[in-house]
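Down below is the structure, laid out as structure tokens.
Number of protein chains: 2
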Amino acid sequence: MTTTKRGPYRKGIERRAEILRTAGRVFGEYGYAGASLRQIADEVGVTAALLIAHFGSKEGLLIAILKHLADEGDEAMPNDGVGIEFFTWYSPLMKFHLQRPGFIDLLLTLAAEASSPTHPAREFMVERYRLFVAKCVAQLEIAHAAGDLPGVPPERFEFEARGFIALLDGVELQWRLEPEMDLFETVTSNLEVMLTRWSGREIVLTRDPVIPEVHGA
Amino acid sequence: MTTTKRGPYRKGIERRAEILRTAGRVFGEYGYAGASLRQIADEVGVTAALLIAHFGSKEGLLIAILKHLADEGDEAMPNDGVGIEFFTWYSPLMKFHLQRPGFIDLLLTLAAEASSPTHPAREFMVERYRLFVAKCVAQLEIAHAAGDLPGVPPERFEFEARGFIALLDGVELQWRLEPEMDLFETVTSNLEVMLTRWSGREIVLTRDPVIPEVHGA
């Protein structure tokens, strides 16, 4: 049995990915309420009826986009790091994100908009942040158990996890407003200081990481 | 000559403040494109024509809101701190922000949406962040000149300033998604660690700051 996708099946997958990317860019630019299905359909070159037929609703389309882009990122650049290594991965991720400004716009816009209890992406975003905090705390626990976290007492794990996540989101927010700033170096240098403080050993991150290319993101 | 505002003049000022607060909440909830003038007018209890007559356009209304809310905050809680003291002020500010979730929603939503070059708040937000970074760097220079910043070499001032701003924005973003988290303690404890590292002396921030009350924000 072969798993190669080809012919009309593969073309369908690519077309779907293209629709989701374009729609994600429109949502990221205008916000969820501000982007109309008509506008998205026009940009993609299909009808609004076709979008509804495929994704059920505007809300269904948004959730499909979020899942697709998250999967695409995880697949292209999985984080297999454990303990302190888990966190170092976020430095090269910034280079990856430089290729996907539309995805960052979408995530930041939705994270901000989803403060509204009725926002259709609220559950997805709340869950995303909860999982991310929990994952970071779990990795801090692993580093602690390995004796690699002398700089942080366990009662501060959640605060440090939240400070780490805030660094990523906050600097990306600044970068989207001032594209001329150095996203990679700003995050990387702050991360080095943070990880050095956590681990009690000098952590130096590479300035020249190899990252995968994502097409058309 | 008296400067007391009373009668119809004072009432007009209060009415204007009320309109701007309500409109700010609607923009914060639905995003700029998603909130219609009609919707805002309905919530405030006036006509869309009156909003246009007073603020010129939807864009004019948004800029008036941003200026009003920023002025209101500066007036209620001015930051007179110099050097390291400048930064400690942001811990009690979190308690102040707990009273103004609508303002935070608006700022975060606009900061995220304004990544779009055509967003009407783009110039305002870009300028806001530029000024904030410059102000933080200037205060780091003052602390450095006073010998109060042994932990940070001058070439890292901008990175540290951006990391500090990211901490505030990023944790507020998390708080709007998970209102049960402790915004004040998360920011305060991370700020203590940051300022202790910067200054080389143990900085302890009060857990019980006195902050002004803002009505109806």
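These protein sequence lines are chains A and B, in that order. Numbering-wise (the UniProt record's numbering), the first sequence opens with residue 1 and increments by one. Numbering-wise (the UniProt record's numbering), the second sequence opens with residue 1 and increments by one. Here a beta-carbon is modelled for each residue, glycine too, at the ideal position from N, C-alpha and C.
- request: Determine, using beta carbons only, whether Ser115(A) comes closer than 8 Å to chain B.
  value: With 8 Å as the cut-off, Ser115(A) counts as an interface residue toward chain B.
query: Is it true that the CB of Asn190(B) sits closer than 8 Å to the CB of Phe159(A)?
result: Taking 8 Å as the Cβ cut-off, Phe159(A) and Asn190(B) qualify as a contacting pair.
query: Beta-carbon separation of Leu66(A) and Phe124(A) under 8 Å?
result: Yes; because the gap between Cβ atoms is below 8 Å, this pair is in contact.
- prompt: So which of Ile40(A), Glu185(A), Val126(A), Ala35(A) has the shortest CA-CA distance to Glu18(A)?
  reply: It is Ile40(A).
task: Give the secondary structure of Pro179(A) by DSSP, where H, G and I count as helix, E and B as strand, and everything else as coil.
output: If DSSP states are grouped into helix, strand and coil, Pro179(A) belongs with coil.
field: Residue burial classification, Tyr9(A) (beta-carbon count within 10 angstroms, cutoff 16)
entry: Exposed: under 16 other Cβ atoms inside 10 Å.
query: With 16 other CB atoms within 10 Å as the buried threshold, where does Leu131(A) fall?
result: Burial state of Leu131(A) is exposed, judged by a 10 Å Cβ sphere holding fewer than 16 other Cβ atoms.
task: Report the residue from Ala48(B), Leu110(B), Leu167(B) whose alpha carbon sits nearest the alpha carbon of Thr186(B).
output: Minimum Cα distance to Thr186(B) is reached at Leu167(B).
field: the segment 16 to 48 of chain B: positions lying closer than 9 Å to chain A by Cβ
entry: Taking 9 Å as the Cβ-Cβ cut-off against chain A, the residues of the segment 16 to 48 of chain B that qualify are Gly28, Glu29, Tyr30, Gly31, Tyr32, Ala33, Gly34, Ala35.
- request: At 4 residues or longer, and completely inside the segment 95 to 180 of chain A: list those alpha helix (DSSP H) runs for me, N to C.
  value: Those alpha helix (DSSP H) runs which fall completely within the segment 95 to 180 of chain A and span 4+ residues are 101 to 113, 122 to 145, 157 to 177.
- prompt: Along the chain, which unbroken stretches of the alpha helix (DSSP H) at least 4 residues long are found entirely within the UniProt domain "HTH tetR-type" (13 to 73) of chain B?
  reply: Within the UniProt domain "HTH tetR-type" (13 to 73) of chain B, the complete alpha helix (DSSP H) runs of at least 4 residues are 37 to 44, 48 to 55.
message: Can you pull the chain B neighbours of Val171(A), defined as C-beta to C-beta under 7 Å?
response: Arg162, Ala166, listed in chain order.
query: Is it right to say Arg201(A) is buried, meaning 16 or more other beta carbons lie within 10 angstroms of its own, or is it exposed?
result: Result: exposed.
- prompt: Which residue's Cα is closest to the Cα of Arg16(B): Glu29(B), Gly34(B), His68(B)?
  reply: Ranking Glu29(B), Gly34(B), His68(B) by Cα distance to Arg16(B) puts His68(B) first.
task: Take Val133(A) as the anchor and find which of Glu29(B), Trp175(B), Phe157(B), Phe87(B) has the nearest alpha-carbon.
output: A check of alpha carbon separations from Val133(A) across Glu29(B), Trp175(B), Phe157(B), Phe87(B) identifies Trp175(B) as the nearest.
- prompt: Would Glu141(B) count as contacting chain A if we go by Cβ distances under 8 Å?
  reply: It does not; no Cβ of chain A falls within 8 Å.
task: Could you tell me whether any Cβ in chain B is nearer than 8 Å to the Cβ of Glu123(A)?
output: For Glu123(A), no CB of chain B lies under 8 Å from its own CB, so it is not counted at the interface with that chain.
query: Using 8 Å as the Cβ pair cut-off and three pairs as the minimum, do the segment 143 to 152 of chain A and the segment 76 to 91 of chain A touch?
result: Proximity of the segment 143 to 152 of chain A to the segment 76 to 91 of chain A meets the contact definition, three or more beta-carbon pairs being nearer than 8 Å.
- prompt: Mapping DSSP to helix, strand and coil, what is Ala217(A)?
  reply: Note that Ala217(A) scores a pLDDT of 46, beneath 50, so its modelled location is shaky and nothing firm can be said.
query: What span of residues does the alpha helix (DSSP H) with Glu85(B) cover, start to end?
result: That run of the alpha helix (DSSP H) goes 84 to 88.
Alpha carbon of Lys11(A) to alpha carbon of Lys95(A), nearest angstrom: Taking the straight line joining both Cα atoms gives about 29 Å.
field: Per-residue burial, Arg207(A) [other beta carbons within 10 Å of its own, 16 or more giving buried]
entry: Exposed, because fewer than 16 other Cβ atoms sit within 10 Å of the Cβ of Arg207(A).
Given Arg197(B) as reference, the closest of Pro153(B), Ile211(B), Leu183(B) once Cα atoms are compared: With respect to the C-alpha of Arg197(B), the residue from Pro153(B), Ile211(B), Leu183(B) having the closest C-alpha is Pro153(B).
message: Tell me the rounded alpha-carbon separation between Ile13(B) and Leu149(A).
response: The straight-line gap from Cα to Cα measures roughly 55 Å.
- prompt: Thr2(A) by DSSP, collapsed to three states: which one?
  reply: Residue placement at Thr2(A) cannot be trusted, given a pLDDT of 44 that sits under 50; what the coordinates show is reported in the next sentence. Correct three-state label for Thr2(A): coil.
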